[in-house]
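Undergrad: Below are the structure tokens for one structure; questions will follow.
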Amino acid sequence: MNAVGELLRVKESADRGEARRDLRIVAALSAASLVYATVRYNVFKGVPWADWPSLIVNKAVGLSALLLILAGVQAMVAGRSPRRLLAWAGGGVLLHVAVSLAILEPGYFPGFFVGPKMSFAAGLSLLAGAAAAVGMEIGARKSGTLTYRGRALALGAIAAASGFHAGVTGLHNWIEPAKWPGGMPPITLLSFVAGCAALALARRVWGKST
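This is the structure we're talking about:
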């Protein structure tokens, strides 16, 4: 009995250690995303500070959610549970969707509209973003029934959809680095790269599990 109790205490200690590590990852990625978005858009690009609580924070939330998906896939590659990281990522996705829909108008996203209607690229972006959000929700509900390989497949698909969502409307800004405010790459580019990286890592998980 003493041996069993000791094993349980060791497991509980390890679980607490993993929880603290995951919380540090969440805090670090969220803070880094917020600082990056604030410096690039408010400081260098000159976006009004009145737009910070809605537009800029929302950009940071979207980026951090995708980075947390990437961190979750990295955890799977390392043999750790991605559950806590993905729970935070899912919360970020829901917040990003809610705020984006609330401010989806030409005043905030002029490049999304052609006259009174949305452009084709903007429509594709919304479709991909909605697919990623639905995928996160279904994945959370079905996580207990998914195999290890199935979870990796789902995360890879969600990451790809998220990267496409960010990239399809921002591609024209990527090819002119001289015009990047402060020389800082657009968040759409960073998000696209993060989505591709998560997809590539998920492919490694598929390979390990076959």
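Residue numbers are given in the working numbering: position 182 of the sequence shown equals residue 198, and the series is strictly consecutive. Note that CB positions come from ideal geometry on N, CA and C, so glycine has one too. Note that this is a predicted model, so its numbers are computed, not measured.
1. Ordered along the chain, which non-local residues of its own chain (more than five positions away) have a Cβ less than 7 Å from that of residue 112?
2. Just checking residue 120 against the ligand ATP - is the residue's beta carbon closer than 6 Å to any of the ligand's heavy atoms?
3. Just curious, the alpha helix (DSSP H) that residue 157 is in, first and last residue?
4. Less than 7 Å between C-beta atoms, sequence neighbours within five positions excluded: which residues of the same chain meet that for residue 22?
5. Give the secondary structure of residue 13 by DSSP, where H, G and I count as helix, E and B as strand, and everything else as coil.
6. For residue 72 and residue 63, which I take to be in contact (beta-carbon distance under 8 Å), what is that distance rounded to the nearest angstrom?
7. Between which two residues does the alpha helix (DSSP H) harbouring residue 164 extend?
8. Do you know whose CA, among 143, 145, 169, 204, lies nearest residue 191's CA?
9. How would you write the range of the alpha helix (DSSP H) that residue 195 sits in, first residue to last?
10. Could you tell me the distance, in whole angstroms, from the CA atom of residue 160 to the CA atom of residue 174?
11. For residue 206, count neighbouring Cβ atoms within 10 angstroms of its own Cβ and tell me buried if that reaches 16, exposed if not.
12. From the DSSP output, which residues share a beta bridge with residue 130?
13. On the three-pair Cβ rule with 8 Å, is the region 163 to 179 touching the region 113 to 125?
14. Using a Cβ distance threshold of 8 Å, determine whether the region 32 to 46 contacts the region 84 to 95, with at least three qualifying pairs required.
15. Give the straight-line distance between the Cα atoms of residue 115 and residue 106, rounded to the nearest whole angstrom.
16. With DSSP as the reference, label residue 52 as helix, strand or coil.
17. Can you find the residues in the same chain that come closer than 6 Å, C-beta to C-beta, to residue 61, ignoring five residues on each side of it along the sequence?
18. In terms of residues, what are the limits of the alpha helix (DSSP H) holding residue 92?
TA: Looking at the atomic coordinates:
1. If we look at residue 112 and ignore the five residues flanking it on each side, its Cβ neighbours are 74, 77, 78, 81.
2. What this structure holds is no ligand at all, so the ligand ATP is not there to describe.
3. Per DSSP, residue 157 belongs to the alpha helix (DSSP H) from 136 to 158.
4. For residue 22, the predicted structure reports a pLDDT of 45, less than 50, and the residue's modelled location is therefore unreliable. The matter cannot be settled from this model.
5. Since the displayed the chain opens at 17 and closes at 226, residue 13 lies outside it and no answer follows.
6. Yes, they are in contact, since the Cβ atoms of residue 72 and residue 63 sit about 7 Å apart, within 8 Å.
7. Residues 164 to 183.
8. Nearest to residue 191 by C-alpha distance, out of 143, 145, 169, 204, is 204.
9. Counting along the chain, residue 195 falls outside any alpha helix (DSSP H), and DSSP gives it neither H nor E.
10. Linking residue 160 to residue 174 through their CA atoms gives a straight-line distance of about 18 Å.
11. Buried is the label assigned to residue 206, since at least 16 other Cβ atoms lie within 10 Å of its Cβ.
12. BP columns for residue 130 point to 133.
13. In the pairwise beta carbon analysis, the region 163 to 179 is classified as not touching the region 113 to 125: fewer than three pairs are separated by under 8 Å.
14. The region 32 to 46 vs the region 84 to 95: in contact.
15. Note on geometry: alpha-carbon atoms of residue 115 and residue 106 lie some 14 Å from one another.
16. It is helical.
17. Counting only Cβ-Cβ distances below 6 Å, and skipping sequence neighbours, we find 197.
18. It spans 73 to 93 - the alpha helix (DSSP H) in which residue 92 sits, taken as one unbroken run.
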